[in-house]
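Visitor:
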Amino acid sequence: MSEYRVIGKPLRKVDATDKVLGKTLFADDLIKPRMLFCKLLRSHIPHGTVGKVDIGPALAMPGVIAGLIGEDLPTTFGILPISQDEHALALDKVRFVGDPIAAIVAEDEETAEAAIHLIQAELEPLDSISSIDQAIRTPEPRIHDYGAYGNIHKLVNLEFGDVEEGFAEADHVREDMVFFEGNTHLPIEQHASLADWSPDGKLTLWSSTQTPHYVHKALARVLGMPAARIRVIACPNGGGFGGKSDPFNHEIVVAELARRTGRPVKITLTREEVFYCHRGRHPILMRVKSGVKKDGSITGMHFQSLLDGGGYGSYGVASTFYSGALQTVTYNIKRYKFDGARMFTNKPPCGPKRGHGTPQPRHALEVHLDKIAEDLHLDPAEMRLNNLVPPDSVTANYLKVGTMGLGKCIEKVIEGSGWKEKHRKMPHGRGIGIACSSYLSGAGLPIYWNSMPHSGVMLKLDRGGGVAVFCGSIDIGQGSDSVLAYVVAEVLGIDPFDIRVVTADTDLTPVDLGSYSSRVTLMSGNAALQAAEKARELLAQAAAEKLEVPSGEIVFADGRVFWASDPEKGMSFAKAVVAAESKFGTIGTVGSYTPPRSPGQYKGAGVGPSPAYSYSAAIAEVDVDPETGIVSARKIWIGHDIGQSINPMLVIGQVEGGVYMGLGEALMEEMAYRDRVNIVHKTPSMLDYKSPTTHEMCEVETYLVEDPDPNGPFGAKEVGQGPLLPTIPAIANAVYDAVGVRIDEVPITPEKVLRAIRAKEKGKDPRIGPTKFPEPEWSEPLVVPPPWEGGDGKPVEKKEVAG
Amino acid sequence: MCPRNSLAALPWFHEALPRLDSPPTTAYPRPIMYKHRVIDEPGRRLLRMTVNDSAIEIAVRPHKTLLEVLREDLFLTGTKHGCELGECGTCAILVDGEPVLSCLVLAIACEGKEIRTIEGMADGPELHPLQTTFADLGAAQCGYCTPGFLLTAQALLDENPDPTRQEIKNALAGNLCRCTGYLKIYEAVELAAKRMRNGSDSEAKR
Amino acid sequence: MLRLPNFHYHVPESLAEAVRIKKDLGPLAMFVAGGTDLYPKMKRRQQEPHHVVQIGHLEELQGVRRLDDGSCRIGAGITLTTLAGDTTLKRDYPALAEAAHLVASPQLRNVGTLGGNLCLDTRCNYYDQTYEWRKGISFCLKKDGDTCWVARSSPKCLAVTSTDTAPVAIALAAEIELVSTRGDRTVPAGDFYSNDGIRYLTKDPDELVTGIRLPPPNGWRSSYVKLRRRGTFDFPVLGIAAWIRRGDGGTDAPVEEARIVLGAVFSEPVLAPEAADALIGRPLSTETISDAADAMYKLAKPMDNTDFLLSWRKEMVKPYTKKALEKLIG
Ligand SMILES: Cc1cc2nc3c(=O)[nH]c(=O)nc-3n(C[C@H](O)[C@H](O)[C@H](O)COP(=O)(O)OP(=O)(O)OC[C@H]3O[C@@H](n4cnc5c(N)ncnc54)[C@H](O)[C@@H]3O)c2cc1C
Ligand code: SF4
Ligand code: FES
Ligand code: FES
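Protein chains in written order, with our numbering: chain A, 26 to 828; chain X, 18 to 223; chain C, 521 to 850.
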């Protein structure tokens, strides 16, 4: 391995000093002269048609400047081109409690809030839908007039090989049903946006968004303005986790209000409103059936997901595909079939939360495998180790796996945790469980179809030796600004803290698609690497000329540019820039990154491919109180295949944060609604929505497995989302080891555990979980033979209907 | 005497006063004049306090929380907020050295008090040891919860220079962080405590 | 940002003035001590006083004092942090210190007071919501509406007592000191609460709690255990306070007197004589504890208006009663 000076070192983040000083400006910290404040009136019924909305009385209130209703912004928007189903303010219908109806802008927030109560909105209630089952049973009234049919938004049916044949070939076939309740991101920063309009017809929006580029597009569309006149600046996010990845109503509303009033307009959501924005984890009811040989090798798997999508499309179509995509990249699956359906319900829309669409199926799969191992009398860790997907292979659903360090991850956690001495060997009430997972280092395809780069970086070198990096990516706490600086610093041999990083400003920075799907380190890192290498080349040529040495022998290190054979023969970095600028003119370079094409050629093949997959294995040790059912995590050991850590301290921070969030999802977090009382959110506050505190968080032992991936910058893969995934099933499996009950429903609450323990004591089935699987009318599957059956990634024309 | 403890239960209550579906701020009843003592009006009132060692004089209305006054009147936006209901700890600041939640403290109740916010934690260009360790060990990811954690941790170390892991957990149990899982925060507090102890040791020896 | 509504703020200079203001303004005014209960409720428009009368600073509400007869007087204005950390209290009244320590979070305990905790509004997850949210369910009996969503046929509100110190105060047979313009009086903590989610205190609304008196610590023992989802922040969904006095003869001596209080289930903390009876006359043992736990279990009838399923909360009464009593063995 080569010697890096910056890469792989536990450096401070470039923005850390500002953060500890309280100097980082988040969106709500921005203050502008003559700034106005906006408040939204939100629906208090779950489903209904919107009649007359009279904001007159509100406008009459002293201090109120203007207001908006649905008709003022009639154009739809949405994150995916195929589901442009949102209005900035409800035009014809409201679809959940919290759906915005009207907006008021006033001199101060208190006045705006007071004025909201004066708006007269006529809402005519319609029958509402609160669950997956109900959505399947109730085609009318439709929540949206598009989608598969009735209240089914999307159906996906894919078949890679004949699974029935796989089951016939198996020594053992097992079927399980698992329900994963929805949960939300709960970033500590509430969403906020500030819009400003300048008299020459230009609009600027500052916002706590993870995807300034998509917000830019949505604003242009809804406001009917040329994108060239709109500037979106993403402020540092006070936590995102996927919750700030959609263009939101409030962003569009303040932009329009700034345009109408000619004054800056700010909105900051309350915590309750953040719950209504949601876009969090979809509740998914899953059924998985696998055929296995005696050694646990999988001959066929049929996976089905029913997703509760909430009131709008959001990323839902992608989420539906994701819930069936990544099952294949960890263990060999010879034949694979996936059915997925997403429903519309009258709840806040679901979307991408850390792990987007994959933690739920991963949970179901890993629990299912734990049961299979038990059926076959195999050690679940060994069974997994023996059936890994080989590196550099293509899966049944045509995902291209490159480096694959899961085996090492498993070995590390087995050893670290003392698995062999503990599994099935600890006293009643204490248990240990294992699970594995994989995640994308960036999605292979963009959200809207285009063949442009996913990430771009511009580098500007100053005569004084200053380097500025411009990139559209936004730091949501994961450290992406620092990654840009580290990469450039490594290549140019300078101090990362001397680099100016300018990010997430659609006027100044080249497009980066956004901080989602763990794509930033890999994609903008690669773009930065390319830009920096180009700059290095220019400097090396100029310096070599000056030093009269071959340019290939120039070294960049410690702020100097010198000859490898004689370090004395060199110059400062700044001098090298001067030399280069004298030779070539102003020094600016660009880099961009487009992921490699994936082998899948079928409809839906766009979801799942990634330039590189990260892998994680987790072992959880828990205590379960048999008298109360209360589960507490003692310790989690987690191995993560990172490829190469750009900064191990940040990587471990992401691992621990992911484990933390997984722990919360496993044991307590849930989006619960009162389906009989207007489908109101049951716990829209930080007190009632239970996020683990210092008391619940357990010790975490992290092992980083480094095997540089050729597709990553310096070999790096993702870490932002992956480590959350195995935590949840590892805990579920540990609960089983502790008290012998299966809770096939997340979160694993004490009520469920105790009920199962009681059932076990009475000799009944010690399992809590779904028992019924409502079937939507599935569509004809798309049949794609896997590579080893001679497939070429394209669907075969027709398949004779099997039953 | 009222039949129930709740104001709303009184039949005349709603007649005399507007209900909430009309705006509470504007439809405020005329101030009741009290005979033996003039009651503070809901208008502004002069408040004197010390904020980060500077004497501050500012006119505030009684219902303004310290959080609002710090952020909106004094432009000390380093103090963050996540719920405004006492449920997250993000808005924690020090009042006379004790961590309290600025979202639930009235500004006018801070008359004569010493307030410390994140802006006043460093000593000029010198970061507080906790700020250094938080930055160096990655205890601030998004950094949004960080000011609240830093000030709460500072109060802990002022009182207990050598806290155990459990004592740190207990002291920080009123602050939520969604990014770090707290572990890096504990490490940062431990390292800062160690450095501060060593620092004061060496000072004592000198 | 969620903000407070406008109000007049009073800082009386004396106790007399404080009760006078409240008397004159009637239900338009409310006392505030730490404000950690009142202010969130005002932000959510659950309580809408037009006058807020600060009382936490009043001299009569300060301090922890040992009286001549060995009893102890604690000012209502002392913070929960002080209550939890006071060395004499920790020694003589550990259950009370423990209860105070388990309230809310460290920052809230630095401000929240004993008086405020004893007078804490009852809670319900249909009620502890913002105005906008409550509008979505057309409000409820306790505030602005006419239906109780927990039990639609219930003529009364079933909101839950959620104070941690009250069950202990009752178990210890504390006396509550009250002052109003009509003079002062003390009432036993056991008579201070009523099982009505709206009118949950028996005191007159204009009476101010100045402090509590605890009996001398002469040989009895007490404990408090609390159930909640997380180890901090959360209100109790069950609180058990236990108090016993044994005869002479050490830890094996029979229990002579006992009081066990069930908190966070009804609208008031409830004393359970049946559970006490199970202990009296017998030495404290696994068996007697189990009998007492059964009695507590029978008594508890939680409603569906807090965190957790009510069936589980009821089931938890047994192990938690045991936990509380086991602390008293030895
Ligand atoms: C997030 C959060 C979590 C919490 N968790 C808990 C918990 O776990 N357990 C718990 O018990 N509490 C909890 N609380 C509630 C509260 O913090 C405490 O009960 C605290 O002790 C209340 O005291 P205070 O002085 O702040 O009350 P205040 O808000 O000042 O007053 C509360 C009520 O009592 C009245 N009052 C106050 N003092 C007097 C007096 N001397 N005489 C007459 N009336 C008076 C007020 O008019 C008001 O109605 C929590 C609060 C929050 C915001
Ligand atoms: S118990 Fe009933 S009346 Fe009381 S607060 Fe809850 S819903 Fe309202
Ligand atoms: S803002 Fe959450 S506690 Fe103050
Ligand atoms: S660092 Fe983001 S919430 Fe704590």
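Note that CB positions come from ideal geometry on N, CA and C, so glycine has one too. None of these values were measured; they are calculated from a predicted model.
(1) My understanding is that Ala630(A) touches Tyr423(A), with C-beta atoms under 8 angstroms, so please give their C-beta distance in whole angstroms.
(2) Just checking Glu537(C) against ligand 3 - is the residue's beta carbon closer than 6 angstroms to any of the ligand's heavy atoms?
(3) Comparing alpha-carbon positions, which option in Gly191(A), Val342(A), Lys378(A) lies nearest Phe266(A)?
(4) Which one or two residues does DSSP pair with Ala759(A) in a beta bridge?
(5) Check whether the stretch 588-605 of chain A touches the stretch 639-656 of chain A, taking contact to mean three or more Cβ pairs, one atom from each stretch, closer than 8 angstroms.
(6) So for Val536(A), helix, strand or coil by DSSP?
(7) From the DSSP output, read off the bridge partner residues of Asp769(A).
(8) Which bits of chain E does Val766(A) rub up against, with CB to CB less than 8 angstroms?
(9) For a contact defined as C-beta to C-beta under 7 angstroms, what are the partners of His98(X) on chain C?
(10) Just curious, the beta strand (DSSP E) that Leu331(A) is in, first and last residue?
(11) Check for me: the alpha helix (DSSP H) holding Pro687(C) runs from which residue to which?
(12) With DSSP as the reference, label Leu310(A) as helix, strand or coil.
(13) How would you call Lys77(A), buried or exposed, if buried means at least 16 neighbouring beta carbons within 10 angstroms?
(14) Measure the CB-CB distance between Asn715(C) and Ser787(C) and report whether it falls below 7 angstroms.
(15) Is Leu616(C) near ligand 6, judged by its Cβ being under 6 angstroms from some heavy atom?
(16) Under a CB-based cut-off of 7 angstroms, is Lys843(C) close to chain A?
(17) In three-state terms, what does DSSP make of Ala128(A)?
(18) Of all the CB atoms in chain C, is at least one closer than 7 angstroms to the CB of Val703(A)?
(19) Please name the residue or residues paired with His706(A) in a DSSP beta bridge.
(20) List the residues of chain X whose Cβ lies closer than 8 angstroms to the Cβ of His665(A), in chain order.
(21) Would you identify the three-state DSSP class for Tyr713(C), choosing helix, strand or coil?
(22) In chain C, what lies closer than 7 angstroms to Pro775(A) by C-beta?
(23) Taking C-beta pairs closer than 7 angstroms, name the residues in chain C that Pro709(A) reaches, listed in chain order.
(24) Are three or more beta carbon pairs between the stretch 773-781 of chain C and the stretch 754-762 of chain C nearer than 8 angstroms?
(25) Any chance you could list the residues with Cβ under 6 angstroms from a heavy atom of ligand 2, keeping chain order?
(26) Tell me, please, whether the CB atom of Ala536(C) is closer than 7 angstroms to any CB atom in chain A?
(27) Using a Cβ cut-off of 8 angstroms, pull out every chain C residue sitting near Met693(A), in sequence order please.
(28) Of all residues in the structure, which have a C-beta closer than 7 angstroms to any heavy atom of ligand 4, taken in chain order?
(29) Kindly identify the DSSP beta-bridge partner or partners of Phe551(C).
(30) Report the residue from Leu310(A), Lys64(A), Ser804(A) whose alpha carbon sits nearest the alpha carbon of Glu298(A).
(31) Taking Cβ positions only, does Gln627(C) come closer than 7 angstroms to chain X?
(32) So Arg304(A) and Gly263(A) are supposed to be a Cβ contact under 8 angstroms. How far apart are they, rounded?
(33) Is it buried or exposed, Ile849(C), if we count other Cβ atoms within 10 angstroms and call 16 or more buried?
(34) In this structure, how does DSSP classify Ile519(A) when only helix, strand and coil are distinguished?
(35) Does the Cβ of Cys120(X) lie closer than 6 angstroms to at least one heavy atom of ligand 3?
(36) According to a CB-to-CB cut-off of less than 7 angstroms, which residues of the stretch 102-114 of chain X neighbour chain A?
Guide: Taking the geometry as given:
(1) Here the question's residue 630(A) lines up with position 605 in the first sequence. Here the question's residue 423(A) lines up with position 398 in the first sequence. That pair is a contact at about 6 angstroms.
(2) Along the third sequence, read from residue 1 onward, the residue named residue 537(C) stands at position 17. Shortest gap from the CB of Glu537(C) to any heavy atom of ligand 3: 6 angstroms or more.
(3) What you label residue 266(A) is simply residue 241 of the first sequence in a count that begins at 1. If we check each option's Cα against that of Phe266(A), Lys378(A) comes out closest.
(4) Here residue 759(A) refers to the residue found at position 734 when the first sequence is read from its first residue. Paired residues: none, contrary to the question.
(5) Judged by Cβ distances under 8 angstroms, the stretch 588-605 of chain A makes no contact with the stretch 639-656 of chain A, as fewer than three pairs qualify.
(6) The residue labelled residue 536(A) in the question sits at position 511 within the first sequence. DSSP places Val536(A) in the coil class of the three-state scheme, outside both helix and strand.
(7) Reading the first sequence from its first residue, position 744 is the one you call residue 769(A). Paired residues: none, contrary to the question.
(8) Included in the structure are the protein chains A, X and C, with no chain E among them.
(9) Taking the second sequence and counting its residues from 1, the one referred to as residue 98(X) is at position 81. Within 7 angstroms Cβ-Cβ: Met521.
(10) Indexing the first sequence from 1 puts residue 331(A) at position 306. Counting along the chain, the beta strand (DSSP E) containing Leu331(A) begins and ends at 323-333.
(11) For the purposes of this step, residue 687(C) is taken as residue 167 along the third sequence, with counting starting at 1. Segment 685-691, the alpha helix (DSSP H) holding Pro687(C).
(12) As a first step, residue 310(A) must be located in the first sequence, where it is residue number 285. Leu310(A) carries a strand assignment under DSSP once its states are collapsed to helix, strand and coil.
(13) To locate residue 77(A), count along the first sequence from 1; it is residue 52. That one is exposed.
(14) Counted from its first residue, the third sequence places residue 715(C) at position 195. Counted from its first residue, the third sequence places residue 787(C) at position 267. Yes, these two residues count as a Cβ contact at 7 angstroms.
(15) Within the structure as shown, ligand 6 is missing, the only ligands being ligand 1, ligand 2, ligand 3 and ligand 4.
(16) By 1-based counting over the third sequence, the position of residue 843(C) is 323. So no, Lys843(C) is outside the interface.
(17) Numbered from its first residue, the first sequence carries residue 128(A) at position 103. Correct three-state label for Ala128(A): strand.
(18) As a position in the first sequence, residue 703(A) is number 678, starting the count at 1. Note that residue 703(A) is Asn in the sequence shown, not Val. Chain C contact via Cβ: present.
(19) Here residue 706(A) refers to the residue found at position 681 when the first sequence is read from its first residue. DSSP, once it has assigned bridges, lists Tyr698(A) as partnering His706(A).
(20) Taking the first sequence and counting its residues from 1, the one referred to as residue 665(A) is at position 640. Within chain X, no C-beta atom comes less than 8 angstroms from the C-beta of His665(A); the nearest is roughly 14 angstroms away.
(21) Indexing the third sequence from 1 puts residue 713(C) at position 193. Residue state, collapsed to three classes: strand.
(22) For the purposes of this step, residue 775(A) is taken as residue 750 along the first sequence, with counting starting at 1. Within chain C, the residues near Pro775(A) are Trp832.
(23) Residue mapping note: residue 709(A) aligns to position 684 of the first sequence, counting from 1. Chain C residues near Pro709(A): Trp653.
(24) Yes, they touch.
(25) Taking a cut-off of 6 angstroms from the heavy atoms of ligand 2, the residues with a C-beta inside it are Cys644(C), Tyr646(C), Tyr647(C), Cys660(C), Leu661(C), Lys662(C), Cys668(C), Trp669(C), Val670(C), Cys677(C), Leu678(C), Ala679(C), Gly717(C), Asn825(C).
(26) For the purposes of this step, residue 536(C) is taken as residue 16 along the third sequence, with counting starting at 1. No, its Cβ sits nowhere closer than 7 angstroms to a Cβ of chain A.
(27) Walking along the first sequence from the start, residue 693(A) turns up at place 668. Within chain C, the residues near Met693(A) are Arg749, Arg750.
(28) Put simply, the residues with a CB less than 7 angstroms from any heavy atom of ligand 4 are Ile213(A), Gly263(A), Gly264(A), Gly502(A), Ala157(X), Gln158(X), Cys159(X), Gly160(X), Tyr161(X), Cys162(X), Thr163(X), Cys194(X), Arg195(X), Cys196(X), Thr197(X), in chain order.
(29) Your numbering for residue 551(C) matches position 31 in the third sequence. DSSP lists Val573(C) as partners of Phe551(C).
(30) One-based indexing of the first sequence puts residue 298(A) at position 273. The residue with the shortest Cα to Cα distance from Glu298(A) is Lys64(A).
(31) Here residue 627(C) refers to the residue found at position 107 when the third sequence is read from its first residue. Yes, Gln627(C) counts as interfacial toward chain X.
(32) As a working note, residue 304(A) is residue 279 in the first sequence. As a working note, residue 263(A) is residue 238 in the first sequence. About 16 angstroms; that fails the 8 angstroms criterion.
(33) Sequence index remark: in the third sequence, residue 849(C) carries index 329 (1-based). Ile849(C) comes out exposed.
(34) Working through the first sequence from its first residue, we reach residue 519(A) at position 494. In the structure shown, the three-state DSSP call for Ile519(A) is coil.
(35) Against the second sequence, residue 120(X) aligns to sequence position 103. At least one heavy atom of ligand 3 is nearer than 6 angstroms to the Cβ of Cys120(X), so yes.
(36) For chain A, the residues of the stretch 102-114 of chain X that bring a beta carbon within less than 7 angstroms of one of its beta carbons are Leu102, Glu104, Cys105, Thr107, in chain order.
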